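S.K.: If you use numbering that gives the first Met the number 0, the sequence shown corresponds to residues 0 to 725, in order. After the structure tokens below, expect a handful of questions from me.
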Amino acid sequence: MLPLLQRPDQHLRFTHANSITESSSSAPSHRLLRLLPRRSRHAHPFALSTKCAAGSSSDASVEEDDAEKDLSMRHQSAELGYRRPPKQIEEIVDVPPNPSYIISPRRDRIMFLKRRAMPPLSDLAKPENVLSGIRIDPGSNMRSRMSFYTGITVHMLMDNGTLGPAKEVHGYADGAKINFVTWSPDGQHMAFTVRYEDKVDSSVNLSLWVANAESGEARPLCISENIRLNAIFELFVWVNDSTVLVCTIPSSRGNPPKKPLVPFGPRIRSNEHKNVVQMRATKEMLKDLHEEQLFDYYATSQLILVSMDGQVKPIAPPAIYTALDPSPNEKYLMLTSVHRPYSSIVSYERFPKKVELWTVDGTFIREVCDLPLAEDIPITSGSVRKGKRLIRWRPDMPSTLYWVEAQDGGDANVNVSPRDIVYMERADPLNDEKPQVLLELDLRYRRTSWCNGSHALVYEHWYKTRRTRTWVISPDCKDVSPQVLFERSSEDAYSNPGSPIMCRTPAGTFVIAKIKTKYEGTYILLKGQGATPKGSIPFLDLLNINTGVKERIWESSKEKYYESVLALMSYNPKCEIQLNQLKLLVSKESRREPAQYYIKIWPDKNQVQITNYSHPHPQLALLQKEVIRYQRKDGVKLTATLYLPPGYNPSEDGPLPCLIWSYPGEFKSREAAGQVRRSPNKFARISSNFPLLWLARGFAVLADPTIPIIGEGDQEANDRLLTLTE
Numbered sequence: 000m001l002p003l004l005q006r007p008d009q010h011l012r013f014t015h016a017n018s019i020t021e022s023s024s025s026a027p028s029h030r031l032l033r034l035l036p037r038r039s040r041h042a043h044p045f046a047l048s049t050k051c052a053a054g055s056s057s058d059a060s061v062e063e064d065d066a067e068k069d070l071s072m073r074h075q076s077a078e079l080g081y082r083r084p085p086k087q088i089e090e091i092v093d094v095p096p097n098p099s100y101i102i103s104p105r106r107d108r109i110m111f112l113k114r115r116a117m118p119p120l121s122d123l124a125k126p127e128n129v130l131s132g133i134r135i136d137p138g139s140n141m142r143s144r145m146s147f148y149t150g151i152t153v154h155m156l157m158d159n160g161t162l163g164p165a166k167e168v169h170g171y172a173d174g175a176k177i178n179f180v181t182w183s184p185d186g187q188h189m190a191f192t193v194r195y196e197d198k199v200d201s202s203v204n205l206s207l208w209v210a211n212a213e214s215g216e217a218r219p220l221c222i223s224e225n226i227r228l229n230a231i232f233e234l235f236v237w238v239n240d241s242t243v244l245v246c247t248i249p250s251s252r253g254n255p256p257k258k259p260l261v262p263f264g265p266r267i268r269s270n271e272h273k274n275v276v277q278m279r280a281t282k283e284m285l286k287d288l289h290e291e292q293l294f295d296y297y298a299t300s301q302l303i304l305v306s307m308d309g310q311v312k313p314i315a316p317p318a319i320y321t322a323l324d325p326s327p328n329e330k331y332l333m334l335t336s337v338h339r340p341y342s343s344i345v346s347y348e349r350f351p352k353k354v355e356l357w358t359v360d361g362t363f364i365r366e367v368c369d370l371p372l373a374e375d376i377p378i379t380s381g382s383v384r385k386g387k388r389l390i391r392w393r394p395d396m397p398s399t400l401y402w403v404e405a406q407d408g409g410d411a412n413v414n415v416s417p418r419d420i421v422y423m424e425r426a427d428p429l430n431d432e433k434p435q436v437l438l439e440l441d442l443r444y445r446r447t448s449w450c451n452g453s454h455a456l457v458y459e460h461w462y463k464t465r466r467t468r469t470w471v472i473s474p475d476c477k478d479v480s481p482q483v484l485f486e487r488s489s490e491d492a493y494s495n496p497g498s499p500i501m502c503r504t505p506a507g508t509f510v511i512a513k514i515k516t517k518y519e520g521t522y523i524l525l526k527g528q529g530a531t532p533k534g535s536i537p538f539l540d541l542l543n544i545n546t547g548v549k550e551r552i553w554e555s556s557k558e559k560y561y562e563s564v565l566a567l568m569s570y571n572p573k574c575e576i577q578l579n580q581l582k583l584l585v586s587k588e589s590r591r592e593p594a595q596y597y598i599k600i601w602p603d604k605n606q607v608q609i610t611n612y613s614h615p616h617p618q619l620a621l622l623q624k625e626v627i628r629y630q631r632k633d634g635v636k637l638t639a640t641l642y643l644p645p646g647y648n649p650s651e652d653g654p655l656p657c658l659i660w661s662y663p664g665e666f667k668s669r670e671a672a673g674q675v676r677r678s679p680n681k682f683a684r685i686s687s688n689f690p691l692l693w694l695a696r697g698f699a700v701l702a703d704p705t706i707p708i709i710g711e712g713d714q715e716a717n718d719r720l721l722t723l724t725e
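Okay, structure coming up:
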């Protein structure tokens, strides 16, 4: 791929498809960016080498032999079907990734989910319907080409940080594809879906299962053949410890609508009213009335409540439900759905949206909002939908809603103050009780991290200037004024203070963990990537939320390892954690050691290793990695990560063909563009969608060389963007 460069900042200039010349006197060492027609003694490249190869007569004869072999392989592949990649590549992409993990709500168990490396061709070859930006597998009534898990194991987490024996979740047949895995709020059960394919008619059986966390025994939860799951949008959610709310296919649904031989009518678009709206290029939207019928057919759900003993109760009328949100006190359900009129130019996310409140026993409470079709959102960054947006339950309260409303009509081109207002309201407001104004913002609202009635963090951001602010508010104390905690440029990685460590409540929601120390005041923990001129050094800070004073209580090793905080492992129902009893899940890796998980325990910060993954690609264990720094012609300092094959010696092997993998980034300042946002100590993760696998074929790989497009002042970054086509 060819990077995009801007004329005054140009450093590298492409002259041919197989060569690069350097245009700056401050260019890096000889190893950087030269595609040359020489071969490595380790392995010759697979595809690119035939374009790069030239030179001596011996090289030419080798090329002729390779061309004949390649032609022979092509003829053979034409006869046999799919062509397999070279053995070195196949051995890499077929290695299963390490399991992913999910921690139980009470932090006493860890669930590991096994995965396979590549999807089977049968999944990729299935027919699909593409409707309003969604790819649908009509056989299973779920999203097409979904990845899946192949197995689940559960471990107890002991007090000393070690893991107990593995409990294999069992009960389903071999070959099952597992998705949508979640813990129950009390951590005693796991719910997930299992799907099998019928080998006779290729139909898919998608069913909801539940497993006991103690024994690992799993069983289907819905055993009725009349209950079929609808997984186009949110499939199910735990309402309480023993009940799930599930999206199912309405029992009255028949066969899918057939496309008429004659269209319903012409497609008409008119701008007679001069209502011209600038739109980004879109595809895969609804094209006609038949596709609207198909969207209704596949996306419409009937909600049912299913208890652990298998009892089923329908709730609310059928609709296209896109989100299911039970209140923290398990009393209410917030149901979000979309409805007609649909659009042929925007996806379902901008269709008319309705948000309703119901009780968990099926009683309708009220309509929170019904937003119209949103085809007219300006393309300008920072523009949003009109009306209520980002409607959420307040996680630290039983049943309080909060949301945001734009005061500029959703148009970022309009100058107004305030620009956004954050509101709060009880689910069952008293007579004439109006929503409470929580905070007025001059930038665009981003999110809220809740702690309790005395403290919450509200984030706002404005893309055009890259300004970001973090406010400390007291949501239940009207006499306490909001205070700015941080104000900075969002693209200044060096000043990033990090994000708060969150704690899971007994209701299953997440709030900021309150840290108890020997000092007075309210303390929280901030974890960050720790970008520095020498590379990223992740950290953990103790922050006094009242004064803004921070103390660094831990940071990653700077010499060999890259360590990062992943999650809080301490549990307290009130989310109040003693600092000297702090437990964290951290990862630790180095250039040649894959990431392992550890439990780090305070006050001594001892750590207990809980995984022991082997190197996924031992044939590349000795690959060479270097973060290189160089300067562009306009003075901007840049970085890239250079990977070389194991055992490569420049003096003996000569130049290598080099694969460059990069994409431009937009910045408002030269200083931010030149900041280092990578670490030399991170393990080289090799996957099928990243070019490092070409190391096995003797290539050098230059990964993510920074190509900043800078737009300072009132100028936007892309105003001066040029593509080189010579």
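Cβ coordinates follow ideal geometry from the N, Cα and C atoms, glycine included. Predicted model, so just to flag it, every value in this text is computed and none were measured.
Quick check on the DSSP output: the beta strand (DSSP E) that includes L440 runs from which residue to which?
M.R.: Segment 435 to 440, the beta strand (DSSP E) holding L440.
S.K.: If we count the other Cβ atoms within 10 Å of its Cβ and call it buried at 16 or more, is N414 buried or exposed?
M.R.: exposed
S.K.: My assumption, with CB atoms under 8 Å, is that S678 sits in contact with V92. Please give the rounded CB distance.
M.R.: In fact, because the Cβ distance is near 25 Å, the residues do not count as touching under 8 Å.
S.K.: In chain order, what residues of the same chain have a beta carbon less than 8 Å from the beta carbon of P184, not counting five sequence neighbours either side?
M.R.: P104, W237, N239, D240, P505, A506, G507
S.K.: Taking just the CA atoms, how far does S494 sit from V675?
M.R.: 12 Å
S.K.: CB Q623 to CB T610, shorter than 7 Å?
M.R.: no
S.K.: Taking one C-beta from the region 571 to 584 and one from the region 496 to 505 each time, how about it: are there three or more such pairs within less than 8 Å?
M.R.: yes
S.K.: Run through DSSP, which three-state label would Y297 get?
M.R.: Here Y297 sits in helix by DSSP.
S.K.: Per the contact definition of three or more C-beta pairs closer than 8 Å, is the region 350 to 368 in contact with the region 381 to 397?
M.R.: yes
S.K.: Does the distance from the C-beta atom of S535 to that of G529 stay below 7 Å?
M.R.: Yes, they are a contact pair.
S.K.: With DSSP collapsed to three states, give me the class of N128.
M.R.: In this structure, N128 counts as strand in the three-state DSSP scheme.
S.K.: Report yes or no: do the region 222 to 231 and the region 284 to 303 share at least 3 C-beta pairs separated by less than 8 Å?
M.R.: Taking 8 Å as the limit for Cβ pairs, the verdict is that the region 284 to 303 does touch the region 222 to 231.
S.K.: Excluding the 5 residues preceding and the 5 following L643 in the sequence, name in chain order all residues of the same chain whose CB lies nearer than 6 Å to its CB.
M.R.: Q623, A699
S.K.: Run through DSSP, which three-state label would P617 get?
M.R.: helix
S.K.: P499 and I511: beta carbons closer than 7 Å?
M.R.: yes
S.K.: By the three-class DSSP mapping on this structure, what secondary structure does Q580 have?
M.R.: helix
S.K.: Under 6 Å: does the beta carbon of P644 sit that close to some heavy atom of the ligand PLP?
M.R.: Among the components of this structure there are no ligands whatsoever, and the ligand PLP is therefore not found.
S.K.: Cβ atoms of D491 and A671: under 7 Å apart, would you say?
M.R.: yes
S.K.: Whole beta strand (DSSP E) runs in the region 389 to 448 with 3 or more residues, listed along the chain?
M.R.: 399 to 405, 419 to 425, 435 to 440
S.K.: Could you please give the first and the last residue of the uninterrupted alpha helix (DSSP H) stretch that includes D122?
M.R.: 120 to 123
S.K.: Threshold first: 3 residues or longer. Then list the beta strand (DSSP E) segments lying entirely within the region 606 to 667, N to C.
M.R.: 623 to 630, 636 to 643, 657 to 660, 664 to 666
S.K.: I'd like the span of the alpha helix (DSSP H) that includes R669, first residue to last.
M.R.: 669 to 672
S.K.: I need the straight-line Cα distance from P27 to K599, nearest angstrom please.
M.R.: Low confidence applies to P27: its pLDDT is 36, below 50, so where it sits in the model is not reliable, and the reading given next is rough at best. The straight-line gap from Cα to Cα measures roughly 40 Å.
S.K.: Quick one, which of C450, P325, A716 has its alpha-carbon nearest I544's?
M.R.: C450
S.K.: Which residue's Cα is closest to the Cα of A172: T149, P126, I109?
M.R.: T149
S.K.: Compare the C-alpha of V585 against each of Q606, H616, V129 and name the closest.
M.R.: Residue Q606 is the option with its Cα nearest to V585.
S.K.: In terms of DSSP beta bridges, what is H169 paired with?
M.R.: E216
S.K.: Is it the case that the Cβ atoms of L418 and D441 are separated by a distance below 7 Å?
M.R.: The amino acid occupying residue 418 in the given sequence is Arg; Leu does not appear at that position. A contact, by the Cβ cut-off of 7 Å.
S.K.: Using the Cβ count rule (16 or more neighbours within 10 Å means buried), how would you classify A455?
M.R.: Buried, because 16 or more other Cβ atoms sit within 10 Å of the Cβ of A455.
S.K.: Given a threshold of 16 other Cβ atoms within 10 Å of its Cβ, counted over all protein chains shown, does I177 qualify as buried or as exposed?
M.R.: buried
S.K.: If we count the other Cβ atoms within 10 Å of its Cβ and call it buried at 16 or more, is P119 buried or exposed?
M.R.: exposed
S.K.: If we count the other Cβ atoms within 10 Å of its Cβ and call it buried at 16 or more, is M396 buried or exposed?
M.R.: buried
S.K.: So, helix, strand or coil for N211, using DSSP?
M.R.: strand
S.K.: Give me whichever residues DSSP pairs with T335 in a beta bridge.
M.R.: BP columns for T335 point to A322, V354.
S.K.: Out of curiosity, what's the CA-to-CA distance linking G264 and M141?
M.R.: 30 Å
S.K.: Strictly by DSSP, which residues pair up with R503?
M.R.: The partner list for R503 (beta bridge, DSSP) reads F509.
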